[in-house]
Amino acid sequence: LFTLVTCSANAITILCGSRCKPLQKAHNLFVVSLAVTDFSIGIFAMPFMAMYTIYGYWPISRSFCVLWALVEATCSTVSIATMCLIAYDRCLALTNPLEYGQPSRKRTVVIQICVTWVVALLAQSVVGIIETSSVEPPIKECFVVPSNKHILISITLTFEIPIVLLVLLYARCLYYLRKRLFSVDPKGEKSQAPALRPSHVSSATSGSTGTSVLSVAPLTNRRQSHVRGIRNLGLIIGTFLFCWLPFCFLFIIRAYCLDCISNGWYAYSFWAGYLNSVVNPMLYFLSNPNFRMAFIKLI
Numbered sequence: 001l002f003t004l005v006t007c008s009a010n011a012i013t014i015l016c017g018s019r020c021k022p023l024q025k026a027h028n029l030f031v032v033s034l035a036v037t038d039f040s041i042g043i044f045a046m047p048f049m050a051m052y053t054i055y056g057y058w059p060i061s062r063s064f065c066v067l068w069a070l071v072e073a074t075c076s077t078v079s080i081a082t083m084c085l086i087a088y089d090r091c092l093a094l095t096n097p098l099e100y101g102q103p104s105r106k107r108t109v110v111i112q113i114c115v116t117w118v119v120a121l122l123a124q125s126v127v128g129i130i131e132t133s134s135v136e137p138p139i140k141e142c143f144v145v146p147s148n149k150h151i152l153i154s155i156t157l158t159f160e161i162p163i164v165l166l167v168l169l170y171a172r173c174l175y176y177l178r179k180r181l182f183s184v185d186p187k188g189e190k191s192q193a194p195a196l197r198p199s200h201v202s203s204a205t206s207g208s209t210g211t212s213v214l215s216v217a218p219l220t221n222r223r224q225s226h227v228r229g230i231r232n233l234g235l236i237i238g239t240f241l242f243c244w245l246p247f248c249f250l251f252i253i254r255a256y257c258l259d260c261i262s263n264g265w266y267a268y269s270f271w272a273g274y275l276n277s278v279v280n281p282m283l284y285f286l287s288n289p290n291f292r293m294a295f296i297k298l299i
């Protein structure tokens with residue numbers, strides 16, 4: 001059931017992102033990429049982890065264990081790297097809207113996503129080769145516990161550095177968003193509604209009454225869009241950290257004290273991480289009205 005929900009929800013997200021025109025914007029390509037990683041985890045990683053958890057041992061070949069671990073590690077790496085790209089994308093939208101609005105932006109995003117997938121796959125392949133050649137797991141086991149040096153390098157490169165970068169980028173987004181919302185005018189007065197200043201307002205006169213109509217909606221909508229984008233990014237980042245930090249801690253502890261963490265707890269940390277793949281599509285649809293509209297049209 002867990003696998004079915006994950007695959008279905010992320011498949012719907014991919015379909016909505018590819019078929020709904022309002023969603024075919026550059027920044028939504030990152031969401032589609034995340035959905036692809038979550039779908040891959042649901043279709044490939046979850047079923048075999050379920051089998052491993054139920055049986056208590058790995059009943060398939062050793063080579064398939066290596067392939068399974070490679071797919072799972074690659075998808076996890078792509079997920080956190082994509083979230084870093086989303087945070088950078090939000091920062092760019094706030095700090096350099098002219099560059100962000102360039103027609104070539106979508107092509108740039110596609111290149112970034114492709115490079116992320118290729119680099120993650122190559123990096124995890126190299127790590128997998130090193131680990132499997134240096135450490136052979138017991139018979140009917142698939143959890144490889146490599147050397148401490150390999151663990152520190154792997155965790156640092158794939159989790160610790162990206163998480164620090166992610167938090168810094170998000171903090172930068174919050175700083176610039178606050179700067180926009182509480183900007184200071186030339187007289188030094190704070191304004192909580194910069195879009196309502198006269199320099200940003202155009203007026204039109206209605207025919208019969210001669211009343212002035214203020215045209216402030218575009219800027220107000222843009223400001224609300226920034227707030228919504230940063231809030232949604234915070235939800236996605238918070239969910240990712242909540243789901244994957246248990247694995248990070250247990251992976252390090254198990255490397256230095258093999259008997260301290262049982263396979264059961266180690267498997268639990270994987271399932272906690274996989275929960276992120278179930279929750280992500282729900283966050284997209286709850287926080288983005290365009291996804292909800294696309295889903296209604298799809299059904």
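Just so we're aligned, residue 1 is where the sequence shown starts under the UniProt record's numbering, counting upward by one.
Virtual Cβ for every residue (Gly too), placed ideally from N, Cα, C.
Might you give, ordered along the chain, the residues of its own chain that have their beta carbon closer than 8 angstroms to the beta carbon of residue i, omitting 5 neighbours on each side?
i: L283; result: N232, L235, I236, T239
i: C7; result: F39, G42, I43
i: N10; result: A35, V36, D38, F39, G42, S277, N280, P281
i: S287; result: R228, R231, N232, L235
Does DSSP put residue i in a helix, in a strand, or in coil?
i: C173; result: helix
i: L166; result: helix
i: I299; result: coil
i: D38; result: helix
i: Q102; result: coil
i: residue 342; result: Lying outside 1 to 299, the shown extent of the chain, residue 342 is not represented and no answer is given.
i: I261; result: coil
i: I60; result: coil
i: C20; result: coil
i: G188; result: With a pLDDT of 46 at G188, under the threshold of 50, the modelled position of this residue cannot be trusted; read the value that follows with caution. In the structure shown, G188 sits in coil (DSSP, three-state: anything other than H, G, I, E or B).
i: L29; result: helix
i: I14; result: helix
i: E72; result: helix
i: N160; result: It is Glu, not Asn, that sits at residue 160 in the sequence shown. Here E160 sits in helix by DSSP.
i: K179; result: helix
i: L1; result: coil
i: K149; result: helix
i: C142; result: coil
i: N96; result: coil
i: N280; result: helix
i: N232; result: helix
i: N290; result: helix
i: G210; result: Any reading at G210 needs caution, since the residue's pLDDT is 44, under 50, leaving its predicted position unreliable; the model's value is listed next. In this structure, G210 counts as coil in the three-state DSSP scheme.
Identify, in the order they occur along the chain, each residue of the same chain with its Cβ nearer than 7 angstroms to the Cβ of residue i, setting aside the five sequence neighbours on each side.
i: I230; result: R90, C173, L174, L177
i: M83; result: L166, I236, I237, F240
i: V5; result: V278
i: V71; result: S40, F44, A45
i: W117; result: V78
i: I155; result: C248, F251, I252
i: E160; result: none
Is residue i close to chain D? Criterion is C-beta to C-beta, closer than 8 angstroms.
i: Q24; result: No chain D is part of this structure, which consists of one protein chain only.
If I measure Cβ to Cβ from residue i and keep anything under 6 angstroms in the same chain, skipping five residues before and after, which residues do I get?
i: R292; result: F285
i: V109; result: A26, L29
i: G273; result: C243, W244, F247
i: C65; result: W58, C142
i: A69; result: none
i: W271; result: none
i: H275; result: Strictly speaking, residue 275 in this sequence is Leu, with His absent from that position. Hits under 6 angstroms: C243.
i: F48; result: W68
Let me make sure I understand the geometry here. Which of the options has the alpha-carbon closest to that of residue i?
i: I114; options: V78, I129, E72; result: Residue 114 is actually Cys in this sequence, not Ile. Looking at the Cα atoms, V78 is the closest of the given residues.
i: N280; options: S18, V32, L181, Q24; result: V32
i: P162; options: Y88, W271, A35, S104; result: Y88
i: Q112; options: P47, V164, T95, A81; result: A81
i: Y57; options: I153, Y256, K140, V164; result: K140
i: residue 302; options: W271, L250, L94; result: Since the first residue shown for the chain is 1 and the last is 299, residue 302 is missing from the structure and cannot be characterised.
i: A35; options: P47, Q102, S18; result: S18
i: V119; options: I252, R228, A73; result: A73
i: L169; options: K21, A69, L85; result: L85
i: Q124; options: M51, S76, G101; result: S76
i: T53; options: G264, L122, K297, I299; result: G264
i: A93; options: L1, L275, H226, L298; result: H226
i: V126; options: K179, L275, L67; result: L67
i: F2; options: M51, C20, C16; result: M51
i: L181; options: Q224, A171, C16; result: Q224
i: L122; options: T158, R105, I60; result: T158
i: Q24; options: I299, K179, I129, R107; result: R107
i: I129; options: I299, S63, Y55, K297; result: S63
Since residue i and residue j should fall inside the 8 angstroms C-beta cutoff, what is the C-beta to C-beta distance between them, to a whole number of angstroms?
i: S269; j: F247; result: 4 angstroms
i: F295; j: I12; result: 6 angstroms
i: P22; j: N290; result: 5 angstroms
i: I252; j: I151; result: 6 angstroms
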